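What follows is a single structure, written as structure tokens, with notes after it.
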Amino acid sequence: MEITISYLFAITKKEDWMKIANDFNEIWNFPNCVGAIDGKHISIICPPGAGSEYYNYKGYHSIVLQAVVDAHAKFVVIDIDDYGRCSGIFKESLFAYPLLPNLMRPFPRRQLTNEKRIYNYRLSRARRIVECAFGIMVKRFNVLENKMLVGPEKATKITHSSYRTTQQVYGFFQFRKCFSSLARQIFSLKI
941 MEITISYLFA ITKKEDWMKI ANDFNEIWNF PNCVGAIDGK HISIICPPGA GSEYYNYKGY
1001 HSIVLQAVVD AHAKFVVIDI DDYGRCSGIF KESLFAYPLL PNLMRPFPRR QLTNEKRIYN
1061 YRLSRARRIV ECAFGIMVKR FNVLENKMLV GPEKATKITH SSYRTTQQVY GFFQFRKCFS
1121 SLARQIFSLK I
């Protein structure tokens, strides 16, 4: 059973990537970042004969939505794919990104220097934007919040349609202005 919807936006110019990096630096005080990456399990019914393929570590059946967003919570790349049980989601996706030096992760909490503590704080703050983007999409489309009573193929199409509607109809243009202003007020403290 093949279910894959990947979408890479038309960000091919170096200037566009530079703008994203500048926005992350300006808004989130996190330089040299061109996107925040995360995944979300979309709950579905167990497809007939699927066994445990879609059963995830959270204890329910799902498909996985992965995304990269810019500093304003606008989706830059999405990948709706993979069975819920996949643990190597990031390296198995169509825009594969195994843990490499250019993918940032927090330092372990043991014996952190002040510089590492500050880095962890700023990384965590910059990463919140992808969680906000998922939250906005889920709240806008309640169907993503609860178990979809459909199989993986239809759930993938519904998820993709929700994403496209979020991007096109509602856009993030008003949200971006509002959120950028709010983010500057809330997170104006720079360490």
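Each residue of the sequence shown is one higher than the one before, starting from 941 at the first, in my numbering. The C-beta atom is built at its ideal place from N, Cα and C for all residues, glycine as well. Quick caveat: nothing in here was measured; it's all calculated off a predicted structure.
Per DSSP, cross-strand counterpart(s) of residue i
i: residue 1074; result: Residue 1074 pairs with nothing; no bridge assigned.
i: residue 980; result: 1005
i: residue 1088; result: 984
i: residue 995; result: 1001
8 Å contact criterion, which residue i and residue j should meet: CB distance rounded
i: residue 986; j: residue 994; result: 6 Å
i: residue 1005; j: residue 982; result: 6 Å
i: residue 1069; j: residue 1016; result: With a Cβ gap of about 11 Å, residue 1069 and residue 1016 do not count as contacting.
i: residue 1060; j: residue 1047; result: 6 Å
i: residue 1011; j: residue 967; result: 5 Å
Distance CB(residue i)-CB(residue j) smaller than 8 Å
i: residue 1102; j: residue 1084; result: yes
i: residue 1072; j: residue 1007; result: no
i: residue 1096; j: residue 1018; result: no
i: residue 973; j: residue 961; result: yes
i: residue 984; j: residue 1087; result: yes
i: residue 1063; j: residue 970; result: yes
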